[in-house]
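Below is one structure, written out as structure tokens; comments come after it.
In full-length UniProt numbering, the protein residues as written are 1 to 467.
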């Protein structure tokens with residue numbers, strides 16, 4: 001009997017231990033899940049909120065270098081009358097026959113050169129600041145080294161640094177960092193691909209450079225670095241887009257109006273040139289729709305109906321816009337750009353669109369006067385010719401801005417009443433390749449950065465350009 005009681009007590013004790021152990025294990029497991037959920041939440045927050053600048057001291061950058069020719073304030077010229085430089089650490093100025101070491105914060109000034117001069121921070125964390133240049137009211141600071149060359153009695157300034165660090169200055173200058181990590185990764189790959197192609201093309205050898213820091217290449221250091229952009233660069237390190245065995249042309253622009261266009265509808269020598277498959281116009285939505293927007297009536301219908309089509313950017317400000325200009329003001333603008341043509345045609349009477357490309361982009365327009373007419377070809381030339389600076393652009397969401405040199409895009413139709421012309425348009429930019437706003441909206445819809453690249457550049461593939 002005693003033995004039975006003892007065995008029963010032992011069994012109960014073991015059962016209690018097992019149950020207790022299971023309960024503790026479950027609590028620990030739940031706690032682990034909670035911790036993981038909190039960590040995941042914090043991780044997600046870091047992708048949408050400010051990520052601190054990365055610890056570059058511990059980053060081994062094995063990328064190629066790139067040489068960037070720097071413009072003066074306002075991107076007016078590459079020829080500098082004077083260059084004033086300082087650094088947040090000690091720095092070295094190297095001449096042909098000697099070197100000078102400067103203190104942190106000490107300014108060096110150069111106005112006339114008869115030899116090449118190289119300026120290099122003494123330590124990796126050093127940043128060279130050019131006090132004679134302004135970008136958004138600030139003096140820009142640069143990684144890497146600066147080399148000054150004499151040219152035409154003035155100075156060219158070239159910033160040489162690694163490709164990846166160069167992208168730290170490009171990505172936030174080309175795309176708002178608020179667009180999110182997936183969109184920033186898309187921008188990083190496009191920017192790296194474009195830079196590699198430019199480097200191979202050697203357009204700026206006369207300036208001892210591979211690219212320039214303006215829209216002629218890619219905007220560089222117009223805004224300060226941001227940890228979110230830096231992280232996107234690091235997450236896509238070395239990755240570029242290839243089309244067959246050549247580097248893809250990764251054009252990008254601000255906002256689409258629901259359709260993109262063929263590259264040869266915008267930049268061409270002959271109007272019938274063929275575009276590569278990855279740079280052909282396509283509908284900008286989840287559906288795989290093919291619309292013939294070359295026809296005037298179909299283009300007008302698409303512009304006027306912003307609700308029927310489920311496009312990625314349908315709710316964005318510059319998806320649709322309207323500009324009203326006085327015919328006399330347009331005539332003055334045209335007279336500055338086409339003085340001989342305007343003189344021959346007499347008084348300006350009408351502007352007509354003659355030919356559209358894929359997606360409806362304007363390729364040719366006719367300027368009609370009382371004595372004759374002439375044609376203006378190509379999207380950029382047309383946008384420039386018909387833009388009256390200072391005129392208000394009315395976008396969606398009751399937002400507006402003013403015309404500054406170009407119409408927002410070449411996707412518009414025209415109505416005219418007496419002496420007033422109205423442009424009914426959509427999108428912002430040339431409309432070739434990747435829409436930055438579209439990339440942001442696709443990312444918000446759950447698309448991965450590689451999927452977004454495939455959408456905008458079909459039949460391309462990702463390749464590592466260095467390891």
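Beta carbons are placed, not taken as given, at the ideal position from N, Cα and C, and that holds for glycine.
Pairwise C-alpha distance: residue j and residue i
i	j	result
residue 378	residue 323	20 angstroms
residue 306	residue 268	30 angstroms
residue 361	residue 77	31 angstroms
residue 394	residue 74	27 angstroms
residue 146	residue 120	7 angstroms
residue 369	residue 66	50 angstroms
residue 62	residue 263	33 angstroms
residue 412	residue 346	26 angstroms
residue 384	residue 125	43 angstroms
residue 113	residue 69	17 angstroms
residue 228	residue 253	20 angstroms
residue 271	residue 256	22 angstroms
residue 466	residue 192	12 angstroms
residue 167	residue 206	23 angstroms
residue 454	residue 283	14 angstroms
residue 141	residue 461	35 angstroms
residue 45	residue 242	Low confidence applies to residue 45: its pLDDT is 37, below 50, so where it sits in the model is not reliable enough to give any reading.
residue 404	residue 217	20 angstroms
residue 148	residue 111	10 angstroms
residue 419	residue 251	38 angstroms
residue 182	residue 203	31 angstroms
residue 64	residue 99	26 angstroms
residue 279	residue 406	23 angstroms
residue 143	residue 371	59 angstroms
residue 427	residue 344	34 angstroms
residue 349	residue 249	40 angstroms
Residues bridged to residue i (per DSSP)
i	result
residue 469	Nothing about residue 469 can be reported from this structure: the residues present for the chain run from 1 to 467 only.
residue 453	Note: residue 453 sits in no beta bridge, so no partner.
residue 130	85
residue 159	68 and 146
residue 256	Beta-bridge pairing links residue 256 to no other residue.
residue 363	Answer is none; residue 363 lacks a bridge partner.
residue 241	462
residue 355	364
residue 138	135
residue 151	154
residue 276	Answer by DSSP bridge pairing: none, since residue 276 is not bridged.
residue 283	259
residue 91	102 and 121
residue 113	Answer is none; residue 113 lacks a bridge partner.
Buried or exposed by the 16-neighbour rule on C-beta atoms within 10 Å, applied to residue i
i	result
residue 135	buried
residue 80	buried
residue 399	exposed
residue 452	buried
residue 260	buried
residue 443	buried
residue 246	exposed
residue 244	exposed
residue 165	buried
residue 316	buried
residue 95	exposed
residue 295	exposed
residue 458	exposed
residue 304	exposed
residue 277	exposed
residue 201	exposed
residue 354	exposed
residue 91	buried
residue 21	Any answer about residue 21 is weak, because its pLDDT of 45 lies below 50 and its placement is not dependable; what the coordinates show is given next. Exposed: under 16 other Cβ atoms inside 10 Å.
residue 415	exposed
residue 392	exposed
Chain B contact for residue i (CB, 8 angstroms cutoff)
i	result
residue 96	In the structure shown, chain B does not exist; there is a single protein chain.
From the options, residue whose alpha carbon lies closest to that of residue i
i	options	result
residue 222	214, 229 and 185	214
residue 210	434, 219 and 195	195
residue 421	358, 216 and 351	351
residue 448	232, 373 and 72	232
residue 431	105, 456 and 130	456
residue 289	441, 302 and 330	302
residue 93	117, 103 and 330	117
residue 367	330, 249 and 200	330
residue 170	391, 111 and 224	224
residue 401	365, 204, 318 and 299	318
residue 105	89, 406, 414 and 249	89
residue 339	392, 314, 308 and 374	374
residue 157	274, 266 and 84	84
residue 185	161, 234 and 285	234
My parser needs the beta strand (DSSP E) runs of 3 or more residues fully inside the region 377-407; what are they?
392-395 and 400-402
Every unbroken beta strand (DSSP E) within the region 289-352, with a cutoff of 3 residues, ordered by chain:
321-326
Alpha helix (DSSP H) segments (min. 4 residues) lying fully within the region 176-235
181-201 and 227-235
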